[in-house]
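Participant: Numbering-wise, the sequence shown is residues 524 to 891 according to this note's numbering.
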Amino acid sequence: MASKKLIALIAGDGIGPEVVAQATRVLEHYRDVRGFPLDLWALDLGAERYLRDGTTYPPEVHERIAHEVSAVLLGALGDPRVPGMQHARDILFGLRFNLDLYANIRPIRALGDDLVPLKGRRASDVDLVVFRENTEGIYVGMGGQFKRGTRDEVAINEDVNTRKGVERLIVAGFEYARARGKRRVAMADKSNAMRHAHELWYRVFHEVAEGYPGIEARHLYVDALCLLLVQDPSQFDVIVTCNLFGDIVTDLGAALQGGLGMAASANVHPPVARCCGAEHAGTPVGMFEPVHGSAPPLAGKDLANPLASVLTVGMMLSHLGWPDEEARLEKLVARAIAEKKCTRDVGGSLGTRQVGDWIVGELAHDLG
Ligand code: NAD
Ligand code: IPM
Ligand code: MN
């Protein structure tokens with residue numbers, strides 16, 4: 524029997540607990556029915572805990588995640604009672620930054636023709652993956668406010684881009700394309716305006732691309748990328764970009780695949796062999812989360828679509844060494860859409876829990 528893999532569950536806020544409950548049932552199915560060597564560890568972290576005792580992301584929890592856990596499943600963080608988002612940043616960025624999960628992999632894949640909102644486009648036109656840099660950029664929190672609250676106020680957030688950070692993300696995107704036989708990698712920056720930070724992206728992209736002669740490397744400004752994604756998403760296979768642009772572009776991408784209820788993501792540290800002269804052995808732990816947030820207006824109403832979280836479990840199982848299960852879950856989700864066993868946002872009439880019932884019921888019928 525393979526050694527057990529410990530999965531940490533952080534349901535979080537808003538619809539997070541509702542969608543993670545259904546995703547957890549999928550993991551329990553794999554553990555209890557299929558005999559996968561999984562242990563689940565539910566963590567009490569999020570806005571409720573923060574409001575109760577001030578805890579955000581304790582160092583001892585981080586230590587255990589870093590050394591004992593194989594994967595983290597996160598629902599969503601963000602609660603109107605914590606307007607400063609202190610807990611959300613500590614937990615989300617604590618995981619992404621402190622585990623050095625430099626690649627946020629966000630597939631933009633439509634699992635049914637009816638999910639695609641573009642005139643004349645089908646599901647087969649929407650099949651790409653965004654590699655979002657996940658540990659640098661504008662997200663590092665460097666900066667400050669001066670003369671706050673006065674008419675002379677100054678507010679600064681620094682945009683940090685390192686050679687190592689940019690190169691490893693771009694290499695990871697090309698490696699992913701090569702491993703999957705994808706022919707095209709596009710990089711989106713704003714080097715026409717951000718002439719220091721994004722000239723680095725521009726230069727490194729072309730340097731890295733030389734090592735992948737069979738792959739078409741295309742540079743785009745991010746504003747043009749947004750235009751082209753809506754006009755014709757079929758021209759893209761892999762997109763590499765910085766932290767902020769990756770965040771924005773993947774919400775746009777979610778719209779192309781049926782909405783945020785369908786968009787999954789993985790935060791990982793791919794083992795890029797050599798990059799900037801340094802070895803990156805790769806850390807085994809990954810953090811997996813749907814792209815959506817806590818959607819406060821939907822919370823507690825059994826309306827949230829849990830399929831993004833089910834697809835996210837698929838990405839997790841693939842990361843843990845079971846890629847066939849990602850394919851199985853993706854097929855099942857496509858069937859949920861086709862047979863309208865889904866929530867209203869994607870054309871069905873079921874509640875969050877009923878979708879989970881259907882998913883685990885079908886998994887139990889498909890033990891071949
Ligand atoms: P959101 O993603 O929560 O919701 C945006 C829209 O998408 C809403 O109209 C919502 O109804 C819809 N939607 C989202 N998830 C859905 C689902 N599973 N099923 C059906 N519809 C769904 O974005 P927001 O409203 O901008 O943010 C709400 C809070 O979540 C904020 O505090 C934000 O900071 C936070 N947030 C957290 C994460 C995260 O934890 N990773 C991600 C994004 C936003
Ligand atoms: C996401 C979210 C987060 C981000 C927020 C909650 C800070 O939008 O995961 O897409 O911008 O990374
Ligand atoms: Mn986002």
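The beta carbon of each residue, even a glycine, is placed where N, CA and C say it ideally should be.
(1) Can we say the region 816-836 touches the region 534-548, given the rule of at least three CB pairs closer than 8 Å?
(2) What does DSSP give as the partner residue(s) for Asn-627 in the beta ladder?
(3) Here's a check: name, in chain order, each residue in its chain whose Cβ is nearer than 8 Å to the Cβ of Ser-841, leaving out the five neighbours to either side.
(4) Within its chain, find whatever has a CB closer than 6 Å to the CB of Lys-527; leave out the 5 residues flanking it on each side and keep chain order.
(5) Is DSSP giving Arg-707 helix, strand or coil here?
(6) Work out the CA separation of Tyr-744 and Thr-764 for me, nearest whole Å.
(7) Counting C-beta neighbours from all protein chains within 10 Å, is the total for Val-878 16 or more, i.e. buried, or is it exposed?
(8) With burial defined as no fewer than 16 other Cβ atoms inside 10 Å of the residue's Cβ, what is the status of Gly-577: buried or exposed?
(9) Could you tell me whether the Cβ atoms of Val-652 and Pro-630 are closer together than 8 Å?
(10) Please determine, among Ala-594, Asp-623, Leu-751, Pro-582, the residue with the shortest C-alpha to C-alpha distance to Leu-550.
(11) Quickly, what does DSSP pair Lys-527 with across the bridge? List them, please.
(12) With contact counted as at least three CB pairs below 8 Å, one residue from each stretch, are the region 808-817 and the region 668-686 in contact?
(13) List the DSSP bridge partners of Ala-740.
(14) Are the Cβ atoms of Gly-816 and Ala-599 separated by less than 8 Å?
(15) Can you say whether Ile-530 is buried or exposed, counting buried as having 16 or more other CB atoms within 10 angstroms of its CB?
(16) Give the DSSP-derived three-state secondary structure of Asp-648 in the structure shown.
(17) Taking three-plus beta-carbon pairs below 8 Å as touching, is the region 772-783 in contact with the region 603-623?
Facilitator: According to the data block:
(1) Result yes; three or more Cβ-Cβ pairs closer than 8 Å.
(2) For the purposes of this step, residue 627 is taken as the residue at position 104 of the sequence shown. In the DSSP output, where bridge partners are listed per residue, Asn-627 has Arg-655, Asn-790.
(3) Here residue 841 refers to the residue found at position 318 of the sequence shown. Excluding sequence neighbours, Ser-841 sits near Glu-848, Glu-849.
(4) Start at 1 with the first residue of the sequence shown, and residue 527 comes out as number 4. Answer for Lys-527: Pro-560, Asp-562, listed in chain order.
(5) What you label residue 707 is simply residue 184 of the sequence shown in a count that begins at 1. Strand, per DSSP.
(6) Numbered from 1 along the sequence shown, position 241 holds the residue referred to as residue 764. Numbered from 1 along the sequence shown, position 221 holds the residue referred to as residue 744. Cα to Cα, Thr-764 sits roughly 10 Å from Tyr-744.
(7) Numbered from its first residue, the sequence shown carries residue 878 at position 355. Per the 10 Å Cβ criterion, buried.
(8) Indexing the sequence shown from 1 puts residue 577 at position 54. Counting Cβ neighbours within 10 Å, Gly-577 comes out exposed, since fewer than 16 surround it.
(9) The count along the sequence shown starts at 1 and reaches residue 652 at position 129. The count along the sequence shown starts at 1 and reaches residue 630 at position 107. Taking 8 Å as the Cβ cut-off, Val-652 and Pro-630 qualify as a contacting pair.
(10) As a first step, residue 550 must be located in the sequence shown, where it is residue number 27. When each option's Cα is compared against that of Leu-550, the closest is Ala-594.
(11) Translated into the one-based positions of the sequence shown, residue 527 becomes position 4. BP columns for Lys-527 are empty, so no partner.
(12) no
(13) The sequence position of residue 740 within the sequence shown is 217, counting from 1. For Ala-740, the beta-bridge partners assigned by DSSP are Val-708.
(14) Here residue 816 is taken as the residue at index 293 of the sequence shown, counted from 1. Here residue 599 is taken as the residue at index 76 of the sequence shown, counted from 1. Contact flag set, yes.
(15) Locating residue 530 in the sequence shown gives position 7, counting from the first residue. Here Ile-530 is buried: its Cβ has 16 or more other Cβ atoms, across all protein chains shown, within 10 Å.
(16) Locating residue 648 in the sequence shown gives position 125, counting from the first residue. Reduced to three states, the DSSP call for Asp-648 is helix.
(17) no
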